[in-house]
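In the working numbering, the protein residues as written are 307 to 590.
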């Protein structure tokens, strides 16, 4: 699928090592793609240039950022799969989820462990993605199904990572409040979010909320929301065949004319012109 955010999904069953029973060491390497690794059987260790040495076994899930040198040693023949993602094409909310995981260090392997119940959910989502990628002819729902499957995988990873995190923030801490605000905005950017509702939920006046929001993000709430909508619109224009009118509604603009005006003002081209220019650029 052209410009899909999933490059490929590969299975290892096990790697073809020279040692007996699939055991062995894989040389350190890096790639420009983000990688999600799911271990379904066996045992081993993942290492990275950040001095990580992570024990993995059935149920282990890892996220490897792009360009990070990493390797692994398999001590008991393992099975699993790797999902390679194109960083520049990852849907905005999935990007937000990944950034939440990397809030402390943006260049390390994130690892967590799932029980069999949640592992089944992960595998079901991966198989959904594989089914969509294997279709000879894609339809307008393909992108959304892939995005929803990736969102579920990342949400489960975040939930387990938070459960394992020993650094629990105080619920009234300002930083944690605005982390929650940003998550709410990223999750509901395409709805009619109102500053008054957000501020009242956290017992803040609108003026205080706007001031604090700009301190944390560098943007007013309205600017931040518009930027999110336009970024997602650009991804949909690039990666799908959905009509411009449909995209304007899907990303949360109240009218296609407002979408057209905001897009042109920020990008310097109309949505149609930008889509054509982007396609011409991809052909070169």
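Note that beta-carbon positions come from the ideal geometry of N, C-alpha and C, so glycine has one too.
The structure displayed is predicted, hence computed values, not measured ones.
Integer Cβ distance of residue i from residue j, believed to fall under 8 Å
{"i": "residue 535", "j": "residue 526", "result": "Residue 535 to residue 526, Cβ: 14 Å. No contact."}
{"i": "residue 467", "j": "residue 418", "result": "5 Å"}
{"i": "residue 369", "j": "residue 415", "result": "7 Å"}
{"i": "residue 435", "j": "residue 553", "result": "Contact doesn't hold; Cβ gap of about 22 Å is too wide."}
{"i": "residue 548", "j": "residue 446", "result": "6 Å"}
{"i": "residue 557", "j": "residue 538", "result": "5 Å"}
Under 9 Å between C-beta atoms of residue i and residue j
{"i": "residue 451", "j": "residue 367", "result": "no"}
{"i": "residue 560", "j": "residue 551", "result": "no"}
{"i": "residue 541", "j": "residue 581", "result": "no"}
{"i": "residue 523", "j": "residue 488", "result": "yes"}
{"i": "residue 396", "j": "residue 461", "result": "no"}
{"i": "residue 380", "j": "residue 355", "result": "no"}
{"i": "residue 427", "j": "residue 407", "result": "no"}
{"i": "residue 528", "j": "residue 484", "result": "no"}
{"i": "residue 384", "j": "residue 311", "result": "no"}
Closer than 9 Å to chain B by CB, residue i
{"i": "residue 430", "result": "Of the protein chains in the structure, only one exists, and it is not chain B."}
Assigned exposure category for residue i - 16 Cβ within 10 Å defines buried
{"i": "residue 378", "result": "buried"}
{"i": "residue 376", "result": "buried"}
{"i": "residue 585", "result": "exposed"}
{"i": "residue 497", "result": "exposed"}
{"i": "residue 431", "result": "buried"}
{"i": "residue 440", "result": "exposed"}
{"i": "residue 482", "result": "exposed"}
{"i": "residue 472", "result": "With a pLDDT of 42 at residue 472, under the threshold of 50, the modelled position of that residue is not reliable, and the figure given next carries that caveat. Residue 472 should be labelled exposed."}
{"i": "residue 412", "result": "exposed"}
{"i": "residue 329", "result": "Unreliable positioning characterises residue 329 in this predicted model, as indicated by a pLDDT of 47, which lies under 50. A coordinate reading is not provided."}
{"i": "residue 507", "result": "exposed"}
{"i": "residue 398", "result": "buried"}
{"i": "residue 530", "result": "buried"}
{"i": "residue 326", "result": "Because the pLDDT of residue 326 is 49, which lies under 50, any placement of that residue in the model is unreliable, and the question is left without a value."}
Spatial neighbours of residue i in its chain, beta-carbon cut-off 7 Å, leaving aside the 5 residues before and after
{"i": "residue 438", "result": "448, 451, 452"}
{"i": "residue 566", "result": "576, 577"}
{"i": "residue 511", "result": "505"}
{"i": "residue 532", "result": "568"}
{"i": "residue 546", "result": "446, 449"}
{"i": "residue 465", "result": "none"}
{"i": "residue 572", "result": "536"}
{"i": "residue 636", "result": "This structure gives no information on residue 636, because the portion of the chain shown stretches from 307 to 590."}
Nonlocal neighbours in the same chain, by C-beta distance under 8 Å from residue i, ignoring five residues either side
{"i": "residue 393", "result": "338, 339, 340, 372"}
{"i": "residue 429", "result": "344, 346"}
{"i": "residue 374", "result": "336, 354, 355, 356, 413, 414, 415"}
{"i": "residue 502", "result": "512"}
Own chain partners of residue i with C-beta closer than 6 Å, once the 5 adjacent residues on each side are dropped
{"i": "residue 480", "result": "none"}
{"i": "residue 353", "result": "359, 377"}
{"i": "residue 570", "result": "576"}
{"i": "residue 365", "result": "419, 420, 425"}
{"i": "residue 433", "result": "none"}
{"i": "residue 382", "result": "348, 349"}
{"i": "residue 521", "result": "none"}
{"i": "residue 313", "result": "339, 390, 392"}
{"i": "residue 334", "result": "375, 377"}
Item to check | Three or more C-beta pairs below 8 Å linking the stretch 492-508 and the stretch 393-408 | outcome: yes
Next on the checklist: Does the stretch 336-356 come into contact with the stretch 381-394, if we say contact requires no fewer than three beta-carbon pairs (one atom in each stretch) closer than 8 Å?
Outcome noted: yes
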